[in-house]
Amino acid sequence: MTIGIIIGIVVGAIALLAIIFTIWAISVYNAFVRLRNQIEEAFSTMDVYLKKRYDLIPNLVETVKGYAKHENETLTNVISARNAAMTATDPQARMENENILSGTLKSLFALSENYPQLKADTHFAQMMGELKDIENEIASSRKYYNGVVRKYNTKREVFPTSIIANWKKFEKKPLYEVDDATERQNVKVQF
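The numbering used here numbers the first residue of the sequence shown as 5 and each following residue consecutively.
Here it is, written out as structure tokens:
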């Protein structure tokens, strides 16, 4: 073998490796873009169900007001939490405010336990059924969101895909987690 053939083989091997690396890098980059778009879709889907819940809460509060006139503090807290969750601008703040809203809704449910006439009201029962369905949809969409985020964050952190993630600045996405202060507490119902 002559030196020219050896140099040709080395240059060919380097070119082949460069092509393989480029194809791999494009593939990894595209996978990150797909996952990022799935995260945005999952958050948007969750947002639709949250909007339905926001729309239902004022009706629930008004119904409860008719039966529980002296429970203004609880009702005011529910509306304040709803408004804060609706106006949150970034996903992290939205998640935190949603956890607070869930906690205040629990106090509204507990309040309804103290008023048998309220529980017997068909309009209230219908709204509670709607809210239960919406809460199930929210839980399902949160689960999907967290699954996609987990997949994205894992891909972002494992080697060798972490090279592309760092190079193209794919940032870690937050999971939708339960707030210890509001969600993990039992609701206190007193008669």
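Where is the CB? At the ideal position from N, CA and C, for every residue including glycine.
Because the structure is a prediction, the values reported are computed rather than measured.
Backbone secondary structure at residue i - three-state DSSP
i    : result
F195 : Unreliable placement is indicated for F195, whose pLDDT of 31 sits below 50; the coordinate value is still reported in the next sentence. Here F195 sits in coil by DSSP.
L179 : coil
K172 : coil
T108 : helix
T165 : helix
A124 : helix
N118 : coil
L92  : The amino acid occupying residue 92 in the given sequence is Ala; Leu does not appear at that position. Three-state result, A92: coil.
M5   : coil
N150 : helix
A17  : helix
E44  : helix
A29  : helix
A72  : coil
beta-carbon residue i near the ligand ZN non-hydrogen atom, thresh 6 Å
i   : result
V82 : Questions concerning the ligand ZN fall outside what the structure shown contains, since it holds no ligand whatsoever.
Same chain only: Cβ atoms within 6 Å of residue i, ignoring 5 sequence neighbours per side
i    : result
A88  : N101
L64  : M131
R57  : I138
F174 : F36 and R160
Close beta carbons around residue i, own chain, < 8 Å, minus the five adjacent residues each side
i    : result
R154 : L179
T158 : none
K123 : S116, E117 and A129
Environment of residue i [buried if 16+ CB atoms lie within 10 Å]
i    : result
F163 : exposed
A169 : buried
A85  : buried
T108 : buried
F25  : exposed
A143 : exposed
I43  : buried
K69  : exposed
M50  : buried
I111 : For the record, residue 111 in the displayed sequence is Ser; it is not Ile. S111 is buried by the Cβ-count criterion.
N103 : buried
A46  : buried
S145 : buried
V37  : exposed
V32  : buried
M99  : buried
L20  : exposed
T165 : buried
Cut-off 7 Å between Cβ atoms - residues of its own chain near residue i, not counting five sequence neighbours on either side
i    : result
Q121 : Y71
F195 : Note on F195: pLDDT 31, under 50, position unreliable in the model; no value is reported.
V82  : I61, V65, T108, L109 and L112
L197 : Outside the displayed range of the chain (5 to 195) lies residue 197, so it cannot be described from this structure.
V152 : L39, Q42, I43 and A46
K176 : N157 and R160
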